[in-house]
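See below:
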């Protein structure tokens, strides 16, 4: 490993921290839609695989912590992973403890990372020998994956029913593109369909606005009033472990450890499950809320890291909700990475370990510092200066660009179609994980349905 | 104050501003894309992304966020 590679990895880590610190503070942004397109762009740009991995690990560590900060300060969740914390963070904020809860979240994130990195590296190496036999059945595993994710979700029958029709939509578009020569026969359009799924709910909301009757019936709001507590607290930068109690530290550590073994489940689901379970044991409401935010912060890091590290190192196929969603570009970003030739195949075990630890340590230290020192200023900046309209505009133009790059002009409408169907299913209650898994399962499903 | 904002994706927007932002970002992004040599997919991606960032900055300058932030000490 030479110096220029280390320099690139350092720059990638710092770049990820800076970018996702800002994005993290923006209320309401979904992890998949902010992580996937950027990672994809970096992969397609031909950045070295080890640098891409460093970037991604630093990005999820930063994003998970920064998402929690607006939750603590103003009660607006920065992303989906911080929604479980809202109630508890609001309780602490109303008692003037917003700054304390940020410190607890920051420490929780360090605990979650410190546990998840070694444990999932270890687990991955234990599972790795089985990967060859697993890979033979990869196409079938995606089908089972889709069924499994449908069954652990909230709307089981609805999700199950959507599997085959959605698979037909994806394959239908692919065969159409091959048929009319929009893409060469050996190219399977994937990335822009992924984005179509991600952006689906937004597309459905935006198109709904074009219906005048529906538009007139929408609830109208006044400008949102947000109160930012500027009370300064003493002793701003302390040793991480002094911001939380021993019990909080131990509990966060244990739940983080447990969650690693459940890497194939949804991170947000695990965070709610374990976080609520341990905080409900506390009788005192203040202790309960602070146990909840500390453990949930640790959990959100641990579940995310294990969800990417284990499938990436052990299997090389995206068989976890994190791998198939936000981290998808690390497994499959044609033409640079494919299911048979991705980070799993390119990087050695030592390179994996080095890159992951490198990114985790640097990103944790910087984000801890930023969270504890500058949380308030950054929240104020983002809330005052960045209009939500600009963020939506940025997303839409991203989709346009990547759709065009993937299969030309026609694909803008193909992605629009995918967005309308997937967004509608999403609003009906079929979550992202199921839909992403269906995209992988689609080729097998379509060719095995000829029963006549 | 007039009630004219709608909620999309977790935050409030004004319809007119949203249309402006989408128009600006789309034009700068695809503008960047078509400026790049059409034989080089990597350059097309990069020019497009640069266009997207320019569009984002432009719309952030032109459009006011729909949030009133009050800072107060407890």
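Chains as they are written, first to last, in the numbering used here: chain A, 1 to 452; chain B, 1 to 74.
Virtual Cβ for every residue (Gly too), placed ideally from N, Cα, C.
Within 8 Å, strictly: CB atoms of residue i and residue j
i	j	result
residue 224 of chain A	residue 12 of chain B	yes
residue 93 of chain A	residue 243 of chain A	no
residue 29 of chain B	residue 397 of chain A	yes
residue 25 of chain A	residue 69 of chain A	yes
residue 454 of chain A	residue 318 of chain A	The question about residue 454 of chain A has no answer, for chain A in this structure spans 1 to 452.
residue 403 of chain A	residue 21 of chain B	no
residue 259 of chain A	residue 303 of chain A	yes
residue 256 of chain A	residue 105 of chain A	no
residue 290 of chain A	residue 101 of chain A	yes
residue 79 of chain A	residue 31 of chain A	yes
residue 48 of chain B	residue 394 of chain A	no
residue 384 of chain A	residue 201 of chain A	no
residue 59 of chain B	residue 37 of chain A	no
residue 52 of chain A	residue 42 of chain A	yes
residue 89 of chain A	residue 116 of chain A	no
residue 438 of chain A	residue 163 of chain A	yes
residue 192 of chain A	residue 415 of chain A	yes
residue 263 of chain A	residue 310 of chain A	yes
residue 333 of chain A	residue 19 of chain A	no
residue 399 of chain A	residue 199 of chain A	yes
residue 371 of chain A	residue 65 of chain A	yes
residue 57 of chain A	residue 359 of chain A	yes
residue 430 of chain A	residue 155 of chain A	yes
residue 305 of chain A	residue 120 of chain A	yes
residue 367 of chain A	residue 84 of chain A	no
residue 436 of chain A	residue 324 of chain A	yes
residue 71 of chain B	residue 228 of chain A	yes
Whole-angstrom C-beta distance between residue j and residue i, which should lie under 8 Å
i	j	result
residue 453 of chain A	residue 171 of chain A	Nothing in the structure corresponds to residue 453 of chain A, since chain A is present only between 1 and 452.
residue 350 of chain A	residue 316 of chain A	Not really, about 17 Å apart at Cβ, beyond 8 Å.
residue 220 of chain A	residue 5 of chain B	6 Å
residue 421 of chain A	residue 149 of chain A	In fact, because the Cβ distance is near 18 Å, the residues do not count as touching under 8 Å.
residue 363 of chain A	residue 17 of chain A	6 Å
residue 167 of chain A	residue 442 of chain A	4 Å
residue 13 of chain A	residue 54 of chain A	6 Å
residue 326 of chain A	residue 81 of chain A	The pair is not a contact, with the Cβ atoms about 10 Å apart (cut-off 8 Å).
residue 314 of chain A	residue 45 of chain A	Actually they do not touch by this definition, with Cβ atoms about 27 Å apart.
residue 180 of chain A	residue 160 of chain A	Wrong, their Cβ atoms sit about 32 Å apart, outside the cutoff.
residue 8 of chain B	residue 205 of chain A	5 Å
Contact list for residue i against chain B, beta-carbon separation under 9 Å
i	result
residue 398 of chain A	25, 29, 48, 49, 52
residue 226 of chain A	67, 68, 69, 70
residue 448 of chain A	Simply none; closest approach about 34 Å.
residue 286 of chain A	The contacting residues do not exist; residue 286 of chain A stays about 16 Å from chain B at best.
residue 68 of chain A	Correct list: empty, because the minimum Cβ distance to chain B is about 15 Å.
residue 209 of chain A	6, 8, 15, 18
residue 218 of chain A	6, 7
residue 394 of chain A	21, 25, 29, 52, 53, 55, 56, 59
residue 380 of chain A	69, 71
residue 453 of chain A	There is simply no residue 453 of chain A to check, as chain A begins at 1 and stops at 452 in what is shown.
residue 90 of chain A	Those do not exist, as residue 90 of chain A stays about 14 Å from chain B at its closest Cβ, beyond 9 Å.
Interface partners of residue i on chain B, CB under 8 Å
i	result
residue 205 of chain A	8, 9
residue 425 of chain A	What residue 425 of chain A touches in chain B: nothing, since even the nearest Cβ is about 17 Å away.
Proximal residues of chain A, C-beta to C-beta of residue i below 8 Å
i	result
residue 65 of chain B	383, 384, 385, 386, 387, 388
residue 17 of chain B	387, 389
Residues that residue i bridges to, as DSSP identifies them
i	result
residue 11 of chain B	B:8
residue 338 of chain A	A:341
residue 68 of chain B	A:225
residue 333 of chain A	A:337
Within chain A, partners of residue i - CB distance below 7 Å
i	result
residue 60 of chain B	385, 386, 387, 390
Contact set between residue i and chain A, taken where Cβ atoms lie within less than 9 Å
i	result
residue 42 of chain B	44, 45, 46
residue 36 of chain B	Within chain A, no residue comes near residue 36 of chain B; the closest Cβ sits about 11 Å away, beyond 9 Å.
Under 7 Å by beta carbon: chain B residues contacting residue i
i	result
residue 12 of chain A	Correct list: empty, because the minimum Cβ distance to chain B is about 16 Å.
residue 404 of chain A	33
residue 24 of chain A	The premise fails here: residue 24 of chain A is roughly 14 Å from chain B at the closest Cβ pair, so nothing lies under 7 Å.
residue 41 of chain A	45, 49
residue 19 of chain A	Simply none; closest approach about 11 Å.
residue 195 of chain A	Result: empty, since nearest Cβ-Cβ is about 13 Å, beyond 7 Å.
* Whole beta strand (DSSP E) elements within the segment 141-194 of chain A, 3-residue minimum -> none
* Asked: Which residue spans inside the segment 260-296 of chain A form an unbroken alpha helix (DSSP H) run of at least 4?
  -> 267-279
* **Ordered list of alpha helix (DSSP H) runs contained in the segment 404-442 of chain A, each at least 4 residues** => 409-428
* Asked: At what residue ranges does the segment 98-141 of chain A contain a whole run of the alpha helix (DSSP H), taking only runs of 4 or more?
  -> 98-127, 131-136
* Fully enclosed by the segment 2-77 of chain A, which alpha helix (DSSP H) runs are 4 residues long or longer? -> 3-25, 31-44, 49-74
* Asked: Fully enclosed by the segment 342-388 of chain A, which alpha helix (DSSP H) runs are 4 residues long or longer?
  -> DSSP runs (the alpha helix (DSSP H)) wholly in the segment 342-388 of chain A: 343-346, 349-385.
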